[in-house]
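2 protein chains.
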Amino acid sequence: MYIALDAMGGDNAPLSNVKGAILFAKECKQNIGIYLVGDKSKLEKLLKKYGGEDLPIEIVNAEEVVEMDEPPSNVIRKKKKSSMYIAAKLVREGKAQAFVTAGNTGAAMAASKFIVGAAPGIERPGIAVAFPTKKEKPTVLIDVGANVDCRPRHLVYFAVMGHTYIKEILKTNDNPKVGILSIGEEEGKGNELVKETYPLLKMTKLNFVGNAEGRDIFTGDFDVIVCDGFVGNIVLKTSESLGTVIVEMIKKEVKKSIISTIGALLMLPALKRFKKKADYKEYGGAPLLGTKGACIITHGSADAKTIKNALKVSLEFVETNFNDKLKNNLETLLPEELKKIREEEYGL
Amino acid sequence: MYIALDAMGGDNAPLSNVKGAILFAKECKQNIGIYLVGDKSKLEKLLKKYGGEDLPIEIVNAEEVVEMDEPPSNVIRKKKKSSMYIAAKLVREGKAQAFVTAGNTGAAMAASKFIVGAAPGIERPGIAVAFPTKKEKPTVLIDVGANVDCRPRHLVYFAVMGHTYIKEILKTNDNPKVGILSIGEEEGKGNELVKETYPLLKMTKLNFVGNAEGRDIFTGDFDVIVCDGFVGNIVLKTSESLGTVIVEMIKKEVKKSIISTIGALLMLPALKRFKKKADYKEYGGAPLLGTKGACIITHGSADAKTIKNALKVSLEFVETNFNDKLKNNLETLLPEELKKIREEEYGL
């Protein structure tokens, strides 16, 4: 088995990526190869410098890099020689079983969706993000950006994907509680999409508990919350940004007095523990569920440990046979109406 | 002029509401009457106790209360004797010019929309919330829940409402920068609604600067960001909840050590200043723009000062002739296409 790692993606690439690959290869007990995709001469030097020469790490040259701030569509249109494109293509071609990147998130979504592509029988892969909650277990929001306009059945598929992710990978609940993101608790509240999806979700064999509101993302009362990728992406970016702004605003106020500054210093270890818990990269990054093999998009600011974790999670997806379990769940959990649509479309 | 105050709405009602009304009446230099709507005997006692007897405050009896956790639709369907219903009706009937409530937010939206009703020439009132940003000036998000499914022209009207709110009431920018909430910066990114609204916004005479992403709500780079009420409501509730959860999670970590606890105590004044800046109730609450008179929905946890601020803001709306300015802006800023629709619908 091989994992294709985009060695040039991320704020600390390629250094952290190479170090992360080395950490992973040293810790990993199975025989897993890593394709380190990127600037060959740079990667060779780094591998040598950090003692990765005799590990099962193979360099695949890529001349271009998708920058963190360029339009996501560039990866599929303009930069076919980029490390991200080539790493994704290795999975598409079956040469690798997992694709891991810390690069431009939008581009990573596009690469996973259009280059790696959907697994057989999956209409629309969805990106899942595990949000930290009050309850020491995450809530998975899906989709956070791979599918902008969705039909009701897509949200039902996302629910099954989220269910499978919680059950097989995060293992935080054996019978995950599933909700649909809306603007009121009662059935009948929401936009057209929600109103049409609600009865379908009720018909599934999922543990569907009804509408979730924005506030429920962080309470831990739900294991999975589904929404279309437009809403999910806005929620994700709003939350990330609010976290940062709150910290900045507090820092600004703290700096106005010496006493507060001392207070902040005394609090530092607690703040660091909080930061670690609050960061979704602690869960190894965001997987694009329902693609061929496994696609893991991790944080742009990933350090070596984060890259190692993302590689581990990608391995877990492959070893668990996540896609088989997902397909099986789609067959056993969906209502007859949706199974018929799937049969017609995929001959399943 | 009269302001109708829902005296029974809010976590601290009726005490804070009565105190807030008294504070307002004492500070206000104009001849403004307040209708204090709620349980007559309770309100009489409180008014007497806190020295509000000789102020221009008139009690209007209401036998019922819309509770904070009941379905919003109850205010219009089941509780026509509630303080919220009766206060809103005073504006509808022209007996008061402004409606202020700290009650159940969903019910307050329903009361503003269906009982007070839209101002002549306004198709869809929208709720505006001023979010705190890094730049010591707010970003107004509109609509945050009054209109679940929207057509492109509604978002354009919201943009004009937000523009007018910034310019006439918050006064933080004379030529407000307007954006549309989406999931990528470039034109062409977004869901169907965004893609159809973008060219319309470009045709207006507003200072339209393009797509805003979730993260832009808190940067202060935009003065107004428009979205449909479904997305806006989810963003609002997600943000409120995330703020609370972050504080709770930090507290939990802090309590694990005495040193951190001392640190937190030293930081307390800074944290309080931050909390004040971060709370949108500091801007006097969220107005429902485009209704008859003025409708101000303030925070459920409103104390006397917050109620006073909300009353002041409602007065400002009336004194500024906000609705006239809004109508004027709709006439001067909209593109011809939308003006024609408005002419046909309203004979304007």
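In the order they appear, the protein sequences are chains A and B. Counting in our numbering, the first sequence runs from 396 upward without gaps. Counting in our numbering, the second sequence runs from 396 upward without gaps. By construction, the Cβ of each residue, glycine as well, lies at the ideal position given by its N, Cα and C atoms.
Does any residue of chain A bring its CB to less than 8 Å from the CB of residue i?
i	result
B/E581	yes
B/V621	no
B/V470	no
B/L684	no
B/A665	yes
B/N542	no
B/P547	no
B/P451	no
B/E465	no
B/G585	yes
B/F625	yes
Go ahead and label residue i buried or exposed: buried means 16 or more other beta carbons lie within 10 angstroms of its beta carbon, across all protein chains shown.
i	result
B/S696	exposed
B/R472	exposed
A/E448	exposed
B/Q492	buried
B/T727	exposed
B/L663	exposed
B/G585	buried
B/N704	buried
A/E436	For the record, residue 436 of chain A in the displayed sequence is Ser; it is not Glu. A/S436 should be labelled exposed.
B/E608	buried
A/N606	buried
A/D611	buried
A/E459	buried
A/D569	exposed
A/G489	exposed
A/K722	buried
B/G540	buried
B/E740	exposed
A/N716	exposed
A/M479	buried
B/I537	buried
B/N426	exposed
A/K671	exposed
B/D464	exposed
A/I736	exposed
A/D406	exposed
A/M403	buried
A/V543	buried
A/K644	According to the sequence provided, residue 644 of chain A is Met. The question's Lys does not apply to it. A/M644 is buried by the Cβ-count criterion.
A/K600	exposed
Could you tell me whether any Cβ in chain B is nearer than 8 Å to the Cβ of residue i?
i	result
A/N499	no
A/F553	no
A/L631	yes
A/K444	no
A/I578	yes
A/F509	no
A/N628	yes
A/E462	no
A/F669	yes
A/F494	no
Quick one: which chain D residues come within Cβ less than 7 Å of residue i?
i	result
A/M662	Checking the listed chains, one finds no chain D in this structure; the protein chains it contains are A and B.
Sufficient close CB pairs (3 or more, under 8 Å) joining the segment 441 to 451 of chain B to the segment 466 to 483 of chain B = Verdict: no, contact absent.
request  = Inspect the CB distances between the segment 686 to 701 of chain A and the segment 545 to 563 of chain A and report whether three or more fall short of 8 Å.
outcome  = With a cut-off of 8 Å, the segment 545 to 563 of chain A and the segment 686 to 701 of chain A do not count as touching, because too few Cβ pairs lie within range.
task = Counting only runs of 3+ residues fully inside the segment 622 to 704 of chain B, write out the beta strand (DSSP E) ranges in chain order.
result = List check, beta strand (DSSP E) in window: 681 to 684, 689 to 692.
key: Runs of beta strand (DSSP E) wholly within the segment 512 to 575 of chain A (minimum 3 residues, chain order)   = The qualifying runs are 521 to 526, 534 to 537.
task = Report the residues of the segment 632 to 655 of chain B with a CB closer than 7 Å to any CB of chain A, ordered along the chain.
result = Within the segment 632 to 655 of chain B, the qualifying residues are K632, T633, S634, E635, S636, L637, G638, V640, I641, E643, M644, I645, E648, V649, K651, S652, I654, S655.
ask   = Which residues, taken in chain order from the segment 589 to 622 of chain B, show a beta carbon closer than 9 Å to some beta carbon of chain A?
value = Listed by position, the residues of the segment 589 to 622 of chain B near chain A (Cβ gap below 9 Å) are V589, E608, G609, R610, D611, I612, F613, T614, C622.
query = Are the segment 625 to 640 of chain B and the segment 646 to 664 of chain A touching, with three or more C-beta to C-beta distances below 8 Å?
reply = Counting Cβ pairs under 8 Å, fewer than three are found: no touch.
task = Spell out a yes or no on whether the segment 728 to 742 of chain A and the segment 419 to 439 of chain B are touching, meaning 3 or more CB-CB pairs, one atom from each, closer than 8 Å.
result = These segments do not touch.
request  = May I ask you to verify whether the segment 494 to 502 of chain A touches the segment 528 to 536 of chain A, counting CB pairs closer than 8 Å and requiring at least 3?
outcome  = Not touching, per the Cβ criterion.
The segment 584 to 602 of chain A / the segment 505 to 514 of chain A touching (three or more Cβ pairs under 8 Å) = As far as the Cβ criterion goes, the segment 584 to 602 of chain A does not touch the segment 505 to 514 of chain A, which means the pair count is below three.
inquiry  = Tell me which residues of the segment 520 to 533 of chain A have at least one Cβ-Cβ distance to chain B shorter than 8 Å, keeping chain order.
reply    = Taking 8 Å as the Cβ-Cβ cut-off against chain B, the residues of the segment 520 to 533 of chain A that qualify are P527, T528, K529.
inquiry  = Against chain B, which members of the segment 557 to 573 of chain A pass a CB distance test of less than 8 Å?
reply    = Look at the segment 557 to 573 of chain A: it has no residue with a C-beta under 8 Å from a C-beta of chain B.
ask   = Relative to chain A, which residues along the segment 694 to 728 of chain B have a C-beta separation below 8 Å, given in chain order?
value = For the segment 694 to 728 of chain B, the set of residues with a beta-carbon nearer than 8 Å to any beta-carbon of chain A is empty.
query = If you scan the segment 437 to 486 of chain A from start to end, which runs of the alpha helix (DSSP H) of 4 or more residues do you find wholly inside it?
reply = Within the segment 437 to 486 of chain A, the complete alpha helix (DSSP H) runs of at least 4 residues fall at 469 to 472.
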